[in-house]
Amino acid sequence: MKVLLVDDEEELVSALAERLSYRGIEASWAGNCLDALALAELENFDVAVLDVRMPKMSGIELKRRLQKKRPAMKFIFLTGHGSEDDFKAGSGEEGAGYYLVKPINIEVLIKRMKEVLG
Amino acid sequence: MASKLDIVGETGLQFYGKMSASLSHEIKNALSVIQEHAGLIEDFTVMAEQGAPINPQRVKALAGKIQGQIDRANGIIKGMNQLAHSSMDESAKSVELREVLTLLVALSHRLASVRGITLEAKPPATAVTIRTTPFFLQNLAWLCLDFAMDGAGDKKTVGLSAEKTRLGAKLRFTQLEGLADAPTERFPGEREKALLETLNAEVTIHIGSQEIVLTLPGDLDH
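Chains as they are written, first to last, in our numbering: chain A, 793 to 910; chain B, 54 to 275.
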């Protein structure tokens, strides 16, 4: 499984990528949306884990752009919102079934990633 | 038709809610980073139990990063606390505008960052003190900053400064390169006008010098 982690909290995604690597998951990270798009240009990721609120471009917009480049890519959102309803209201992603509220549990994240990949 | 008091009250509640939501989001981010760094230390101990050596320098660096995030969260909570206390002050009191600017930047940092805006506070070297209602002033200063960010233009920077005047003080929102293109017809709106009246203040837009100036009386009660 190849994972792309994107959050402007670089300390968060870099640590998370390292922890995933100890669990046998190949993870790359980006601290902004432009870097994420550049990485997706170079590599094909199975799953992208995206923060919803980032400077300049939201995670929702990033998902749309990544989907254009990589139609098979699956997505999980990270949000600081308190509940699923808050997230859906804030993101407009009514159909986005996969989201995790920060702070996340790495084992739950791995379980969700496996679920989105079927 | 809503009275001035209703508008001021509703605007204050919106301001308080917006800031609380943004700051709690920031705290969640700090907690998330702490969780992953602590998780890494836990991973190292599990690996050590399986025979892999622990790198003390790495653990020390992670502990330092955790402390940094604790300091960050503590600073955010301090700002929330200041805002909460100021919301309880209904009457005028002595307010130092350097502190108002510092708190405004602390409260607005994330909201500005999401819009790609950098806030540059340039507080004066000496104290600028007026007597006013702190929460209403903080609210009005935020509304001015919110609009100023619309006028930041391509430079994506808003400067904030304060200065003493003969009759009171001025707060300036500067470096607004895109102010000419901002929707100036909607500013000040109903909410800003109600707060301006309550604080006996005035706001002016200066397209030429690319700034918004909030003029405040030295003593709200006189």
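Using N, Cα and C, we set each Cβ at its ideal position, and we do this for glycine too. In this text, all values refer to a predicted model and were calculated from it rather than measured experimentally.
Buried or exposed, going by whether 16 or more other CB atoms sit within 10 Å of the CB of B:GLN228? Stepping through the second sequence from its first residue, residue 228 of chain B is reached at position 175. It counts as buried.
Which listed residue (B:VAL211, B:LEU193, B:GLU152 and B:SER140) has its alpha carbon closest to that of B:ARG168: Mapped onto the second sequence, residue 168 of chain B falls at position 115. B:ARG168 has its Cα closest to that of B:VAL211, out of B:VAL211, B:LEU193, B:GLU152 and B:SER140.
Which value, in whole angstroms, describes the spacing of the CA atoms of A:VAL844 and A:VAL900? Numbered from 1 along the first sequence, position 52 holds the residue referred to as residue 844 of chain A. Numbered from 1 along the first sequence, position 108 holds the residue referred to as residue 900 of chain A. So the two alpha carbons sit approximately 18 Å from each other.
Touch check for the segment 182-191 of chain B and the segment 145-162 of chain B: three-plus C-beta pairs under 8 Å? yes
Buried or exposed: B:MET72, going by 16 or more other Cβ atoms within 10 Å of its Cβ? Taking the second sequence and counting its residues from 1, one reaches residue 72 of chain B at position 19. Classification of B:MET72: buried, given that the 10 Å Cβ count is 16 or more.
A:ARG743 and A:ALA832 look like a contact to me (Cβ under 8 Å); what is the Cβ gap, rounded to whole Å? Lying outside 793 to 910, the shown extent of chain A, residue 743 of chain A is not represented and no answer is given.
Given that a residue counts as buried once 16 or more other Cβ atoms are within 10 Å of its Cβ, and exposed if not, what is A:GLY929? Residue numbering for chain A in the displayed model covers 793 to 910; residue 929 of chain A lies beyond these limits and cannot be assessed.
In chain B, which residues lie less than 7 Å from A:GLY872 when you measure between Cβ atoms? The residue you call residue 872 of chain A lines up with position 80 of the first sequence. Going along chain B in sequence order, the residues near A:GLY872 (Cβ under 7 Å) are HIS78, LYS81 and ASN82.
Can you give, in chain order, each stretch of the alpha helix (DSSP H) that sits fully within the segment 808-835 of chain A and has at least 4 residues? 825-834
Do you know offhand how far B:GLY104's Cα is from B:ILE94's? Within the second sequence, the letter at position 51 stands for residue 104 of chain B. Within the second sequence, the letter at position 41 stands for residue 94 of chain B. Near 15 Å, if we compare the C-alpha coordinates of B:ILE94 and B:GLY104.
Cut-off 8 Å between Cβ atoms - residues of its own chain near B:THR171, not counting five sequence neighbours on either side: Start at 1 with the first residue of the second sequence, and residue 171 of chain B comes out as number 118. Once the five neighbours on either side are set aside, the close Cβ partners of B:THR171 are ALA165, LYS209, THR210 and VAL211.
Let me confirm a value: A:GLU802 is counted as buried when at least 16 other C-beta atoms fall within 10 Å, else exposed. Which label applies? Within the first sequence, the letter at position 10 stands for residue 802 of chain A. It is exposed - the Cβ of A:GLU802 has fewer than 16 other Cβ atoms within 10 Å.
Say whether chain B places a C-beta atom closer than 8 Å to the C-beta of A:LEU829. Here residue 829 of chain A refers to the residue found at position 37 of the first sequence. Chain B, which has no Cβ nearer than 8 Å to the Cβ of A:LEU829, makes this no.
So the beta strand (DSSP E) B:LYS146 belongs to, where does it begin and stop? One-based indexing of the second sequence puts residue 146 of chain B at position 93. It spans 146-149 - the beta strand (DSSP E) in which B:LYS146 sits, taken as one unbroken run.
Tell me whether B:PRO270 is buried or exposed, calling it buried when 16 or more other Cβ atoms sit within 10 Å of its Cβ. In the second sequence, the residue the question calls residue 270 of chain B occupies position 217. It is buried - the Cβ of B:PRO270 has at least 16 other Cβ atoms within 10 Å.
Taking the alpha-carbon of B:ARG278 as reference, which of B:LYS217, B:GLU230 and B:ASN192 has the nearest alpha-carbon? Here chain B comprises residues numbered 54 to 275, so residue 278 of chain B is not present and cannot be evaluated.
A:GLN859 to A:VAL841 span [Cα, whole Å]: Mapped onto the first sequence, residue 859 of chain A falls at position 67. Mapped onto the first sequence, residue 841 of chain A falls at position 49. Their Cα atoms are separated by approximately 13 Å.
Consult DSSP for B:ASP109 and reduce its assignment to one of helix, strand or coil. The residue labelled residue 109 of chain B in the question sits at position 56 within the second sequence. This sequence places Pro at residue 109 of chain B; Asp is not what is there. In the structure shown, B:PRO109 sits in a helix (DSSP, three-state: H, G or I).
Own chain partners of B:ALA91 with C-beta closer than 7 Å, once the 5 adjacent residues on each side are dropped: Position 38 of the second sequence, counted from the start, is the residue given in the question as residue 91 of chain B. ILE119.
Output the distance between the C-alpha atoms of B:SER75 and B:ARG125, rounded to the nearest integer angstrom. Position 22 of the second sequence holds residue 75 of chain B. Position 72 of the second sequence holds residue 125 of chain B. One C-alpha to the other measures close to 14 Å.
Evaluate the contact criterion for the segment 61-69 of chain B versus the segment 245-252 of chain B: three or more CB pairs, one atom per stretch, below 8 Å. Yes, they touch.
Is the Cβ-Cβ distance between B:LYS223 and B:LEU267 less than 8 Å? Counted from its first residue, the second sequence places residue 223 of chain B at position 170. Counted from its first residue, the second sequence places residue 267 of chain B at position 214. Yes; because the gap between Cβ atoms is below 8 Å, this pair is in contact.
Got a sec: which bits of the segment 805-838 of chain A sit with their beta carbon under 8 Å from any beta carbon on chain B, in order along the chain? The segment 805-838 of chain A vs chain B, Cβ under 8 Å: ALA807, LEU808, GLU810, ARG811 and TYR814.
Assuming A:ARG811 and B:GLU89 are in contact, meaning their beta carbons sit under 8 Å apart, how far apart are those beta carbons, in whole angstroms? Within the first sequence, numbered from 1, the residue matching residue 811 of chain A stands at position 19. Within the second sequence, numbered from 1, the residue matching residue 89 of chain B stands at position 36. Right, their Cβ atoms sit about 7 Å apart.
Would you verify that the beta carbon of A:ARG845 is, or is not, closer than 8 Å to some beta carbon of chain B? Translated into positions along the first sequence, residue 845 of chain A becomes position 53. Yes, its Cβ sits closer than 8 Å to a Cβ of chain B.
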